[in-house]
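Here is the structure we will look at, set down as structure tokens.
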Amino acid sequence: MRVAPKEGVAVAAAATDTRNGFRWGLLVAGVLGFCLPLTAAVLPEDRADALYHAYSGGGLDVSGPSLLARKQLGKYTSLFGNYYVDSISSASIDVVTTASPYTEYREEKTVGGDFLYEKTLFNLSMTNSEESDFNANSAAFGISHSMFGDLTTISLGYGQGWDTIRKRADKAGNIDPNFKKKADRQRFRLGLSQVLSKNSLIDLNYELVTDEGYLNNPYRSVRYLDGNGAYQLQAEQYPNTRTSHALGLKALYYLPYRAVVHGEVRGFIDTWGIDALIGEIGYIHPLGKAWILEASYRYYTQSRANFYSDLFTGKAPSLDDCPYCYRARDKELSTYYSHGIGLGASYHFARQGWGFIDKGSLNVKYNYMQFNYQDFSDLRAKGLTPGSEPLYSFSAYVLRLFVSIWY
Amino acid sequence: MRRKLRPSLRSALLFSLVAGTLAGCSGIEPWVKPYERANLADPIMSFSRDPVADSYVNHVYEAREGARGAEGGGGGGCGCN
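Here the protein sequences come in this chain order: L and E. Mapping the first sequence onto the working numbering, position 137 (from 1) lands on 137, and the numbers just tick up by one. Mapping the second sequence onto the working numbering, position 44 (from 1) lands on 451, and the numbers just tick up by one.
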């Protein structure tokens with residue numbers, strides 16, 4: 001349930017807790033649409049997955065189902081559909097210090113297909129995401145080609161997204177009819193998958209993402225010193241373009257006793273001044289023929305955006321009066337690092353087939369993450385001089401329970 | 408005395424070099440033979456065994472982190488069939 005806004009600042013909610021990731025179907029279209037077998041042009045297997053997902057951390061809870069089904073039509077075509085729901089309840093640090101708790105419901109639908117022509121695989125997907133104050137549509141196209149005796153696969157991809165951003169006007173959740181903004185997004189992907197030896201594979205990916213339009217969160221505020229020893233709040237002001245480059249390398253190595261070690265290194269830069277580095281290492285260990293156990297560790301670090309500050313020195317003029325007076329206090333644009341641990345177990349049933357099912361699996365995956373912010377203060381601490389509050393940190397977990405069947 | 412090559416000659420040489428390189432590629436012998444790909448075809452030898460689960464966790468990372476992109480694709484195995 002939403003409650004009244006605080007301090008006259010925008011209404012119910014720092015919605016970027018979910019925006020950017022949860023709200024943008026391009027990622028889903030990309031990940032699902034690009035789930036192609038590496039190093040050979042073959043259609044994906046016919047399978048269906050029913051997933052329950054839950055995220056909890058920093059006052060934000062998100063949960064819901066995700067259903068994915070894929071089926072071949074003839075020898076050269078495979079179609080898939082995904083239905084996904086987020087039920088969101090947020091009392092995050094932004095919400096409790098500058099806005100008001102809220103609940104939200106998001107529904108996302110993706111359809112797509114893969115089409116095989118000799119050693120080339122084409123894929124196409126479209127996604128629609130709807131919630132009360134945010135609508136996103138996207139489309140993605142990809143092509144991959146296998147060569148050199150199926151030891152090498154190159155892939156290209158392009159995706160475009162169109163977002164419509166609205167704003168709630170009151171605690172009842174009514175939409176402000178005068179607020180309607182647009183943002184367009186484009187993604188360009190380039191990939192190379194390579195068999196290095198009979199026990200090792202690598203996957204090299206580059207991606208350029210460019211956004212244009214209203215990139216703010218309409219609910220979030222920055223804070224500035226008012227000259228009287230206190231701080232006041234002011235709406236964030238973002239540039240209306242952002243372009244980023246990311247380059248990632250993944251590797252898999254098959255151990256002599258049927259187990260796999262995997263690793264990933266990824267670097268990121270963007271025109272907002274953020275540099276980020278991601279590293280992950282993991283281990284997969286089958287137990288008998290029915291069980292697969294896995295564990296991983298992930299590290300993430302980034303520098304802040306050029307226009308980010310925990311506390312500005314005075315009120316900024318509007319962008320109409322000062323076109324480059326950008327300001328942000330989004331903790332995802334601050335300097336921070338995180339550690340993450342992942343654990344998983346899969347049990348494979350009906351391995352000899354059962355009815356129309358070729359095989360199936362029951363799976364549980366759990367991730368624990370700890371985020372430590374270096375220049376984002378915890379404003380829940382009261383009675384302190386602005387700028388002397390303790391730094392914010394929080395932990396979160398991600399739970400995925402799912403059943404998969406192949407047919 | 409060194410003389411600069413004419414642009415048309417330079418283009419012809421460049422084209423020949425690229426064409427020769429590509430033609431050479433067609434003769435590359437796979438250094439991992441099909442009968443040596445059993446380990447690569449094992450389902451655990453996959454960058455993304457479970458697309459729906461990986462899609463969700465990538466959602467979470469994109470929401471919680473400033474970085475985005477190049478997460479990589481999916482499948483794995485050698486596709487020996």
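Note that CB positions come from ideal geometry on N, CA and C, so glycine has one too.
Check	Outcome
Identified DSSP bridge partners for L401 of chain L	L:Y52 and L:V364
Length-filtered (3 minimum) beta strand (DSSP E) runs lying within the segment 336-388 of chain L	336-349 and 359-377
Distance CB(V209 of chain L)-CB(S244 of chain L) smaller than 8 Å	yes
Sub-8 Å separation of G409 of chain L and S395 of chain L beta-carbons	Chain L is shown from 1 up to 407; residue 409 of chain L falls before or after that span and cannot be answered.
Residues that DSSP places opposite G112 of chain L in a beta bridge	L:F80 and L:S125
Residue-chain proximity (R266 of chain L, chain E), Cβ-Cβ < 8 Å	yes
Contact between the segment 438-445 of chain E and the segment 189-199 of chain L (3+ Cβ pairs under 8 Å)	yes
Chain A within 8 Å of G353 of chain L, Cβ atoms only	Absent here is chain A; the protein component of the structure consists of chains L and E.
Delimiting residues of the alpha helix (DSSP H) encompassing V95 of chain L	I93 to T98
Proximal residues to L379 of chain L (C-beta, below 7 Å), its chain only, five neighbours per side dropped	T97 and E389
Beta-carbon contacts of L311 of chain L that lie in its chain and below 8 Å, excluding the five residues immediately before and after	R223, Y224, L225, Y231, S377, P386 and G387
A295 of chain L at chain E interface by Cβ criterion, 8 Å	no
Min CB distance Q160 of chain L to chain E below 8 Å	no
Minimum C-alpha distance to H262 of chain L - residue among L:Q234, L:N372 and L:R298	L:R298
Contact set between A139 of chain L and chain E, taken where Cβ atoms lie within less than 8 Å	In chain order: nothing, as chain E lies at least about 17 Å away.
8 Å Cβ shell around G213 of chain L - same chain, five flanking residues per side excluded	D163, K181, K182, A183, D184 and N240
Beta bridge counterpart(s) of K181 of chain L as assigned by DSSP	L:I165
N-terminal and C-terminal residue of the alpha helix (DSSP H) that V459 of chain E is part of	P458 to R471
Y238 of chain L (DSSP reduced to helix, strand or coil)	coil
Nearest residue (CA-CA) to Y336 of chain L, options L:A305, L:Y366 and L:P317	L:A305
Cα-Cα separation, V403 of chain L to S318 of chain L	51 Å
I451 of chain E Cβ short of 7 Å to the ligand SAM heavy atom set	Here there are no bound small molecules, and the ligand SAM is not part of this structure.
Whether A139 of chain L touches M126 of chain L by CB criterion (8 Å)	yes
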